[in-house]
Amino acid sequence: MVVSCPTTELSYTNKAIVNPKDTFAQFEHIAVRYPKKNDAYVFTLTSDPAVQNGKIAFNLTGRKWASLCTDSVIEAAPYKFEPEQCLNTITFLTDFASKKSAPSDTEFDTEDMAKQFSRQYYNQAFTVGQCFGYAYQFNNRRVVFELKVKELEAVNFEKSVSNVEIGLTTANTIVIFERAEGSDVKLTGGNTGNVSAPKIFSQDWDFASMGVGGLSEQFNKIFRRAFASRLLPPQFADAIGEKHVRGILLYGPPGTGKTLIARQIGKMLLAREPKIVNGPEVLNKYVGESEANIRKLFQEAEEEQAKAGINSGLHLIIFDEIDAICKQRGSSAGSSGVGDNVVNQLLSKIDGVNSLHNVLLIGMTNRRDLIDEALLRPGRLEVQVEIGLPNKEGRLEIFKIHTKQMREKGILDPSVSLEELSEVTRNYTGAEIAGLIGAARSIAINRIVKPDSKDEITKEMLAGIKVLRADFQYAMDHDVKPALGASEDQLKSLARPMIPWDPIIDMIRSKFAGITKRISSLDADEQRPYYVAIIGEPGAGSTTIAANMAAETGFPFIRVYQARSTASKTESAKVQYMEKLFDDAARSELSCVVMDGLEVILDYCHIGPRFSNTSRAVFTTNKDISMPKGHRMLVICTCKSEQFLNDLLLFEVFDKIIRVPSLTRPDQVETVLSQLYERGDTTFSSDQRAELISHLSSIPFQMGIQKLESLIIDAAAEEPAKRVKFFLEEMHNLKLIIRPSKLDYF
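Under numbering that gives the first Met the number 0, the first residue of the sequence shown is numbered 0, with each subsequent residue one higher.
If you want it as structure tokens, here you go:
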């Protein structure tokens, strides 16, 4: 039997009320109708002892909408909502319930109205055309609105959203308020009918409009792992034991799009305002304040979960530079333990005894190795996505996004091919590509708008701005270079032209050609670095050869690790330097690492022998480094002796050994001197060359080709008549003569 609502407060719930002992009290929703009539109306149930057993109470607007008369007998049956009836958006026509007491000159913030509505009416049934009273708390007073359901949009797993007649609200349902026709209500804010309703979790994201390029694979993984389960109705997810992902870690080199992804995720989740925190901002010099800052981030989520339970909305917390506050516990040298306490506090909030299911934490870092391992286990930051360098297709997407306006305005010259640019910008990050486009645009503007010009800038001048292909080329050569690109300055200083000796040059080039061919033909599943050792006596030119080999590969990533780079560092610092070098190289599709002076890098001393076992372990285990599919790495090492490789058992590590021969015969020296003379070097005349070769014929010697070059340069500074004598004396002083014998010159 139908009765009126027992209290005013219960009438504002817009629910049907039964006695707690009534059979229907166990159900969440019911459908009611008069006997022998087909029209059924769905209400959400609640219970109150003021209602007699066997009776159902409705508020006045509910009785009018369903055409229910008090004291009349109706039929009631449990109603079960399907997953596709969970509402993505609900739109109301809004008016004052009472015109007399209405504050007509007051503007109402629809965003705040929507927040209060979501707290009061989550997990509640609504039908198109349904009317009810909504009590809104405003400036310490209550304003009652009359709401009429205009439109319902539900989540649909095939089309993202679809219109329905009956739907169920969740904590993430977007609430839109439109002013009813003839109403004096003044509505402001983003939740008005003046803007189109956004989608919470759209499965068909438009990456171009979001400004995201080359990251579709990473976005899809994040959506599948972290968001797909949140599309399910909370009751259904709880019934099947679905545990929502609470944490995502985005890691990778700077500029690859980690912050961009987090920012776009924050924009997509409109149900709750995301909290964006820079890691260092959490830390505070006062005892306990750092931990308190962590607790404040989770306070709203805790309060809502206590009230709404599984129907609580999603709270997003974004940590930029999360490694600043989540370093390995026990790694800090200080005694305060603040860093450890912050990590402990964060762990307890994410997945402690009273864990929160309505929180999603997104952390970003380019130093994943620094983060405490307890934070990376399942249940915490369990979804770990590497945001690496974009491939060719990704770079093309980024170019299209950042040149869209230029192309629409006709500023981009037809000579510019985005496909060509995406090909030549290997190892550029998304941020570097955006910077490259900006640099090219500035060059084009500077061509028209001169800094020293006093003429007024006209529309005709602005219309003449064209970004040319040459502008991009100049920007790549001078303005924007990839951080993970080639070390051009080092290569220029080391990869200088060698002095001519055709036998050595031909031999090295032929062997190196075989190496590059071997690397390019590596099987797609053979993703291990290829190690090459160049062994040569001091002055044999092994460093120059290695640098030239690296430069000739044309690989986008080339790094030269010289022994002096870490000579003054501690062993742990050297290990970190080497690990980061190999990690950076593995991110590039084609990479080359030159390790010049491997003996010194590994702290080798032949007395003992002694060496750094930790550095050796990092160097050798890099052979097993995990590289993305299709990536290739070439490691070229130079050393001075084979004894070093024997002592450290390194021969088995290298895939190829190249021995740079030393000059040991007079005819070899004569060949070099003759080739230099033909190229214009006049240090030694023909007679002096013959005299020098004659003396060398009776001397057992051994020297590298670069040592010979140095001797020739030094001899050129002497008087012509003394050059041969100086040359032989220097050979003796430098101990290039194997068994020195008494010479007439000494």
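Ideal Cβ positions, reconstructed from N, Cα and C, are used throughout, including at glycine.
What you are looking at is a predicted structure, and each value in this text was computed from that prediction instead of being measured.
When you compare only the Cα positions, how much space is there between residue i and residue j?
| i | j | result |
| --- | --- | --- |
| A196 | K628 | The pLDDT assigned to A196 is 36, lower than 50, so where the model puts this residue is not dependable; a value taken from the coordinates is nonetheless given after this. The straight-line gap from Cα to Cα measures roughly 41 Å. |
| Y40 | R245 | 38 Å |
| N390 | F554 | 14 Å |
| E288 | P279 | 13 Å |
| R678 | K724 | 24 Å |
| E106 | L374 | 46 Å |
| E216 | R367 | 20 Å |
| D470 | I464 | 12 Å |
| L695 | S541 | 24 Å |
| A30 | G256 | 50 Å |
| L648 | R563 | 24 Å |
| K408 | G254 | 27 Å |
| N171 | G312 | 5 Å |
| F745 | P699 | With a pLDDT of 33 at F745, under the threshold of 50, the predicted position of this residue should be treated as unreliable, and no value is reported. |
| V574 | I444 | 47 Å |
| S416 | I436 | 13 Å |
| D654 | S611 | 22 Å |
| I533 | Q561 | 14 Å |
| D21 | A225 | 40 Å |
Taking 6 Å as the limit between beta carbons, can you name the residues of its chain near residue i, skipping five residues before and five after?
| i | result |
| --- | --- |
| D476 | none |
| L733 | none |
Considering only their Cβ atoms, is the gap separating residue j from residue i smaller than 9 Å?
| i | j | result |
| --- | --- | --- |
| M702 | L662 | yes |
| L461 | G362 | no |
| L186 | R178 | yes |
| I635 | A549 | yes |
| Y603 | D646 | yes |
| L580 | V599 | no |
| E83 | S161 | yes |
| I264 | I221 | yes |
| L359 | H314 | yes |
| E145 | T90 | no |
| H28 | T6 | no |
| I316 | K274 | yes |
Tell me the DSSP secondary structure of residue i in three-state form.
| i | result |
| --- | --- |
| M626 | coil |
| N162 | strand |
| E145 | strand |
| Y133 | strand |
| T620 | helix |
| I16 | strand |
| K670 | Going by the sequence as given, residue 670 is Thr instead of Lys. T670 falls in the helix class under three-state DSSP. |
| M0 | coil |
| I173 | strand |
| V384 | strand |
| K655 | strand |
| K257 | helix |
| H28 | strand |
| K326 | strand |
| G429 | helix |
| S201 | For S201, the predicted model reports a pLDDT of 43, less than 50, meaning its position is unreliable and no value from the coordinates is stated. |
| E290 | helix |
| P77 | strand |
| A300 | helix |
| A305 | helix |
| T168 | coil |
| V574 | helix |
Per DSSP, which residues does residue i bridge with? Please list them.
| i | result |
| --- | --- |
| N277 | D319 |
| I704 | Bridge partners of I704: none, in fact. |
| E152 | T88 and N162 |
| H314 | V358 |
| L589 | R631 |
| D108 | T187 |
| D595 | Q561 and T637 |
| I485 | Per the sequence presented here, residue 485 reads as Ala, with Ile not at that position. DSSP lists I557 as partners of A485. |
| I533 | T637 and I657 |
Ignore the nearest five residues each way along the sequence and tell me which others in residue i's own chain have a CB closer than 7 Å to its CB.
| i | result |
| --- | --- |
| E381 | V244 and G246 |
| L411 | T402, M405 and V466 |
| R394 | G213, S421, T424, Y427 and I432 |
Taking 8 Å as the limit between beta carbons, can you name the residues of its chain near residue i, skipping five residues before and five after?
| i | result |
| --- | --- |
| T69 | V1, V2, S3 and R62 |
| P48 | N18 and P19 |
| D108 | T187 and G188 |
| T619 | L649 and V652 |
Does the beta carbon of residue i sit closer than 9 Å to a beta carbon anywhere in chain B?
| i | result |
| --- | --- |
| I239 | As a matter of chain content, chain B is missing from the structure shown, which is built from one protein chain. |
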